Every structure is written in structure tokens, then in C-alpha cells.
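K.L.:
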Amino acid sequence: MNITKHATYSHQDVEIQSRETLYSGFLRVEKVSLRHRLFNQTEYTPTIQRELIQRKEAAGVLIYNDQQKKFALIEQFRIGAMDDPVSPWQLEIIAGVLDGDESPETCIKRESLEESGCELNDLQHIFSFYPSAGACDEIFHLYTAQAILPETGGVFGMPDEGENIQLHIFDYAALDELLQSGRLCNAAIIIALQWLKQHLLALKIG
């Protein structure tokens with residue numbers, strides 16, 4: 001079996017016994033009772049219970065410019081990092097939740113204007129992944145895009161949605177220091193900046 005292409009089991013090897021809604025708001029929380037197949041056995045697990053956080057799909061983009069030799073990140077308060085020993089204000093790529101039937105690309109273009117003022121055209125898809133599949137069903141679509149970046153940052157966001165976002169413009173020369181700084185605390189920004197590092201190595205610029 002080629003494990004890179006084929007999973008050992010599929011959703012058909014999960015037996016859902018019950019689903020109960022515990023909370024429904026911006027997020028939805030369910031209590032799920034289920035059994036699933038065991039590796040190298042025909043038996044299933046005993047009944048287990050898990051809490052499942054349901055969240056809309058999200059998309060994000062790393063905006064960069066090879067001619068300017070710069071890239072853009074944002075900084076904003078995050079409730080999930082409220083007890084972070086360094087800061088609840090996290091460095092991130094521009095991102096947002098898909099609105100209704102909106103595509104990831106449309107979402108990214110909208111969020112880019114709201115959070116940086118940058119207009120995006122060509123988008124390159126890097127990965128789609130589950131940020132925290134142990135408890136949440138959210139899928140995150142990660143892209144990169146080149147755009148003309150402002151010389152300095154600024155404050156952006158939608159105040160009526162509780163957003164207060166600081167845009168930062170970094171030189172390519174700051175990339176390695178940033179990757180080693182300990183300030184990068186979410187998967188999307190780490191993946192995106194590792195992609196940028198490989199991109200610069202391929203171009204032999206930095």
C-alpha cells in the first residue's frame with residue numbers, strides 16, 4: 001500500500017451511534033458517541049465519546065513581493081492565546097472564515113482588502129489542512145500571492161466585527177530571525193514562512 005495516497009481506513013469504518021448539540025453560536029459543539037475500526041483487527045473500539053467543535057472553513061494568504069523583497073503579516077488579539085506567556089497578540093498571515101458559499105479565493109481577496117488594503121490577483125494554493133483535528137472539524141486553505149505592498153504598515157480590520165489589526169511589513173532579510181524568534185505560534189504562519197524560505201532559496205534572493 002502507498003500510504004501517501006491511501007489512508008488505512010475511511011469514514012465508512014466509523015460507526016456513529018449518537019450526536020447531541022451542546023452549544024450553537026459562532027461555533028457549534030456536539031457530543032458524539034461512536035466506535036471505529038482498530039488497526040490490524042476486525043473488531044471496533046468500545047463506544048467512546050468525544051466533543052466536536054464545528055467551525056466554518058477558513059482561508060489565509062501570505063502576501064509577498066519579490067521586487068520589493070518584502071512580505072506582510074498581521075498582529076491581533078486572539079482569545080485562544082489569552083494565557084500565552086509572551087502575548088495574546090499573535091502574528092499571523094491574513095485570513096478569514098468563508099462566508100456562505102464563498103470560495104477560499106474570494107474570501108482571501110476580501111480579507112486582504114479589509115486587513116491590508118492590498119488587492120490580490122494571482123493566488124497559489126499551498127495546502128489545505130485541519131489545524132486541530134483532535135477536537136475541531138475546521139479546514140484551513142493556505143495560499144500565497146504577490147502584491148504591491150505598502151512601505152509601512154497600519155491599522156486595519158472591521159471595527160463593527162471587533163477587529164483591530166496591525167499590519168506589519170517585513171524585509172526578506174528578517175525572515176530567518178522571525179522563524180527563530182518564538183513569536184510564531186500557529187500552523188498557517190509557520191507553513192507559509194517555511195514556504196517563503198524555500199521560495200527565496202530557489203530564487204537565490206533574500
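Numbering (the UniProt record's numbering), first residue to last: 1 to 206. For each residue, glycine too, the CB sits at the ideal point set by N, CA and C. A quick note: this is a predicted structure, and the numbers were derived from the prediction, not measured.
With DSSP collapsed to three states, give me the class of Arg-50.
P.N.:
Position 50 of the sequence shown, counting from 1, holds the residue named residue 50. DSSP places Arg-50 in strand when its eight states are reduced to three.
K.L.:
According to DSSP, is Thr-144 helix, strand or coil?
P.N.:
Within the sequence shown, numbered from 1, the residue matching residue 144 stands at position 144. Strand.
K.L.:
Please give me, in chain order, every unbroken run of the beta strand (DSSP E) with length at least 3 that falls completely inside the UniProt domain "Nudix hydrolase" (54–198).
P.N.:
If we require 3 residues or more, the beta strand (DSSP E) runs fully inside the UniProt domain "Nudix hydrolase" (54–198) come out as 58–65, 70–77, 89–92, 94–97, 123–129, 140–146, 154–156, 165–171.
K.L.:
In this structure, does DSSP put Leu-22 in helix, strand or coil?
P.N.:
Counting from one through the sequence shown, the residue named residue 22 turns up at place 22. Reduced to three states, the DSSP call for Leu-22 is strand.
K.L.:
Thinking Leu-167 and Glu-115 are a contact (beta carbons under 8 Å), I'd like their distance in whole angstroms, please.
P.N.:
What you label residue 167 is simply residue 167 of the sequence shown in a count that begins at 1. What you label residue 115 is simply residue 115 of the sequence shown in a count that begins at 1. At roughly 7 Å, the Cβ-Cβ gap stays under 8 Å, so Leu-167 and Glu-115 are in contact.
K.L.:
Within a Cβ cutoff of 8 Å, which residues of the same chain sit near Leu-184, ignoring the five residues on either side of it in sequence?
P.N.:
Taking the first residue of the sequence shown as position 1, residue 184 is located at position 184. So the qualifying residues of the chain are Leu-91, Leu-178, Ile-190, Leu-193.
K.L.:
Comparing alpha-carbon positions, which option in Leu-142, Gly-117, Asp-137, Ser-132 lies nearest Ile-126?
P.N.:
Position 126 of the sequence shown, counted from the first residue, corresponds to residue 126. For Ile-126, the nearest C-alpha among the options comes from Leu-142.
K.L.:
Measure from the alpha carbon of Arg-28 to the alpha carbon of each residue in Asp-137, Ala-147, Ala-173, then state which is nearest.
P.N.:
Start at 1 with the first residue of the sequence shown, and residue 28 comes out as number 28. Here the closest residue by C-alpha is Asp-137.
K.L.:
In angstroms, rounded to a whole number, what distance separates the CA positions of Asp-122 and Ala-145?
P.N.:
Start at 1 with the first residue of the sequence shown, and residue 122 comes out as number 122. Start at 1 with the first residue of the sequence shown, and residue 145 comes out as number 145. When rounded, the distance between both Cα atoms is 6 Å.
K.L.:
Give a yes or no on whether the C-beta atoms belonging to Val-14 and Leu-34 are separated by under 7 Å.
P.N.:
What you label residue 14 is simply residue 14 of the sequence shown in a count that begins at 1. What you label residue 34 is simply residue 34 of the sequence shown in a count that begins at 1. Cβ distance < 7 Å, so Val-14 and Leu-34 count as in contact.
K.L.:
Just to check my reading of the structure: Phe-156 and Ala-188 have Cβ atoms closer than 8 Å, yes? What is that Cβ distance to the nearest angstrom?
P.N.:
Locating residue 156 in the sequence shown gives position 156, counting from the first residue. Locating residue 188 in the sequence shown gives position 188, counting from the first residue. Wrong, their Cβ atoms sit about 18 Å apart, outside the cutoff.
K.L.:
Would you give the residue range spanned by the beta strand (DSSP E) that Glu-30 belongs to?
P.N.:
On the sequence shown, residue 30 is found 30 positions in, with the first residue counted as 1. Taken as a continuous stretch (DSSP letters only), the beta strand (DSSP E) holding Glu-30 covers 28–36.
K.L.:
With distances taken from CA atoms, which of Ala-7, Ala-202, Ala-58, His-199 is nearest Ala-95?
P.N.:
As a first step, residue 95 is located in the sequence shown; it is residue number 95 there, counting from the start. Nearest option by C-alpha distance: Ala-58.
K.L.:
Per DSSP, Glu-43 is paired with what?
P.N.:
Indexing the sequence shown from 1 puts residue 43 at position 43. Looking at the DSSP assignment, Glu-43 forms no beta bridge with any residue, so it has no partner.
K.L.:
How would you label Gly-60, buried or exposed, when you count the other beta carbons within 10 angstroms and need 16 or more for buried?
P.N.:
Your numbering for residue 60 matches position 60 in the sequence shown. Result: buried.
K.L.:
Using the Cβ count rule (16 or more neighbours within 10 Å means buried), how would you classify Glu-111?
P.N.:
Locating residue 111 in the sequence shown gives position 111, where the first residue counts as 1. By the neighbour-count rule (16 or more Cβ atoms within 10 Å), Glu-111 is buried.
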